Amino acid sequence: MENYPKDIYTEPEPDVNTLANLGPFTGMAGIWTGKRGLDINPKADGPEKQAFIEHMECQPIDAQTNGPQLFYGLRYHTRIVKPDDPETFHDQVGYWLWEPATGNIIQTLTIPRGQTAMATGNTTADATQFTLKAVRGSTVNGISSNPFLEHAFRTDAYTITVTKNADGTWSYEQETTLTIPGQSEPFAHTDRNTLHKIGEPTLNPTALAAAKAETTA
10 MENYPKDIYT
20 EPEPDVNTLA
30 NLGPFTGMAG
40 IWTGKRGLDI
50 NPKADGPEKQ
60 AFIEHMECQP
70 IDAQTNGPQL
80 FYGLRYHTRI
90 VKPDDPETFH
100 DQVGYWLWEP
110 ATGNIIQTLT
120 IPRGQTAMAT
130 GNTTADATQF
140 TLKAVRGSTV
150 NGISSNPFLE
160 HAFRTDAYTI
170 TVTKNADGTW
180 SYEQETTLTI
190 PGQSEPFAHT
200 DRNTLHKIGE
210 PTLNPTALAA
220 AKAETTA
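See the structure below:
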């Protein structure tokens, strides 16, 4: 049982500058590209390896509270295409959230094929590698799929490991465990890429307002 405070209503006063409070997500804010992604996905005649190119934007949001709980985080959007093909191969939106008081980290994700998930983990503010997990059936780090996906490509687990590299890039490796009719063993759908920064983040709204106030004072 978590050691929650008795007062579940009183909110803390957060720092306005989210970029200074991202903990393990420090260095992930900005606009990124990765040109050497690899996806291994299931097909009727066996696993398919697919190279991909990724464009990801991670922007800081204002601090978020649930009563005394305080999160700093990034809103992200990633769009993935196959080489030399403009059609979207994968689209995903969500949040990276850091809770300084507990070391808890959260990734929320939603894809426009009728699926959403929340993966959780725990780490330190100075971590350069961390892992988050979601499992089917959980009410706190679960996976929800539309009826067809639940039938044909049931997602039983999702794991992502992020590594922040010394050269300023960051990489991820993720595994989605699928149960597919007619297959005796679960299928490990994997993705990995290394992202290179091509643009800086914008300030979160309260930090931007504070910066403007200082310049006009």
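Mapping to the working numbering: the sequence shown position 137 is 146, numbers consecutive. Glycine residues also receive a C-beta, built at the ideal position from the N, C-alpha and C atoms. These figures come from a predicted structure and were not determined experimentally.
Work out the CA separation of residue j and residue i for me, nearest whole Å.
| i | j | result |
| --- | --- | --- |
| K142 | A128 | 5 Å |
| L83 | N150 | 18 Å |
| A222 | P195 | 56 Å |
| D71 | N213 | 6 Å |
| H205 | N75 | 34 Å |
| Q116 | G103 | 7 Å |
| V90 | R122 | 16 Å |
| N155 | A110 | 35 Å |
| M10 | P92 | Residue confidence is low: M10 scores 48 on pLDDT, short of 50, so the model does not pin down where it sits. No coordinate-derived value is stated. |
| F162 | T19 | 43 Å |
| F80 | Y13 | 15 Å |
| N174 | G55 | 33 Å |
| G39 | T215 | 18 Å |
| E159 | A219 | 47 Å |
| W41 | F34 | 14 Å |
| T203 | Q59 | 15 Å |
I need the boundaries of the beta strand (DSSP E) containing residue i, first residue and last residue.
| i | result |
| --- | --- |
| F80 | Q78 to V90 |
| A197 | F196 to G208 |
| Y104 | T97 to E108 |
| F139 | Q138 to V144 |
| M37 | First-last for M37: undefined, no H or E at that position. |
| T125 | Q124 to N131 |
| P69 | E57 to N75 |
| L113 | Note that residue 113 is Asn in the sequence shown here, rather than Leu. Counting along the chain, the beta strand (DSSP E) containing N113 begins and ends at N113 to I120. |
| L187 | W179 to T188 |
Measuring alpha carbon to alpha carbon, tell me which residue in the options is nearest residue i.
| i | options | result |
| --- | --- | --- |
| Q183 | I49, G146 and A175 | I49 |
| T170 | I189, W105, C67 and Q138 | Q138 |
| T87 | W105, G177 and Y81 | W105 |
| K15 | T148, Q78, D93 and T178 | Q78 |
| W179 | D93, V90, E63 and T133 | E63 |
| E108 | L118, E159, P23 and T225 | P23 |
| D176 | K91, R163, M37 and D200 | M37 |
| E66 | T35, E209, T215 and A220 | E209 |
| P95 | T164, T185 and F61 | F61 |
| G112 | A219, G130, H99 and T203 | G130 |
| T172 | E20, D165, Y181 and A166 | Y181 |
| L118 | S147, Y167, F98 and T97 | Y167 |
| A228 | N202, Q192 and A220 | The question about residue 228 has no answer, for the chain in this structure spans 10 to 226. |
Decide if residue i is buried, meaning its Cβ has at least 16 other Cβ atoms within 10 Å, or exposed.
| i | result |
| --- | --- |
| E57 | exposed |
| H198 | buried |
| N30 | buried |
| T27 | buried |
| F157 | exposed |
| P190 | exposed |
| P21 | exposed |
| T97 | exposed |
| G32 | buried |
| T185 | buried |
Under the assumption that residue i contacts residue j (Cβ atoms under 8 Å), give the Cβ distance between them as a whole number of angstroms.
| i | j | result |
| --- | --- | --- |
| P51 | L187 | 6 Å |
| T7 | I114 | No answer is possible for residue 7: it lies beyond the span of the chain, which begins at 10 and ends at 226. |
| D200 | G43 | No, D200 and G43 are not in contact; Cβ-Cβ is about 11 Å, not under 8 Å. |
| Q68 | T211 | 6 Å |
| I120 | D100 | 7 Å |
| I152 | T164 | 5 Å |
Between which two residues does the alpha helix (DSSP H) holding residue i run?
| i | result |
| --- | --- |
| L221 | Looking at the sequence provided, one finds Lys at residue 221 rather than Leu. That run of the alpha helix (DSSP H) goes P214 to T225. |
| P156 | P156 to A161 |
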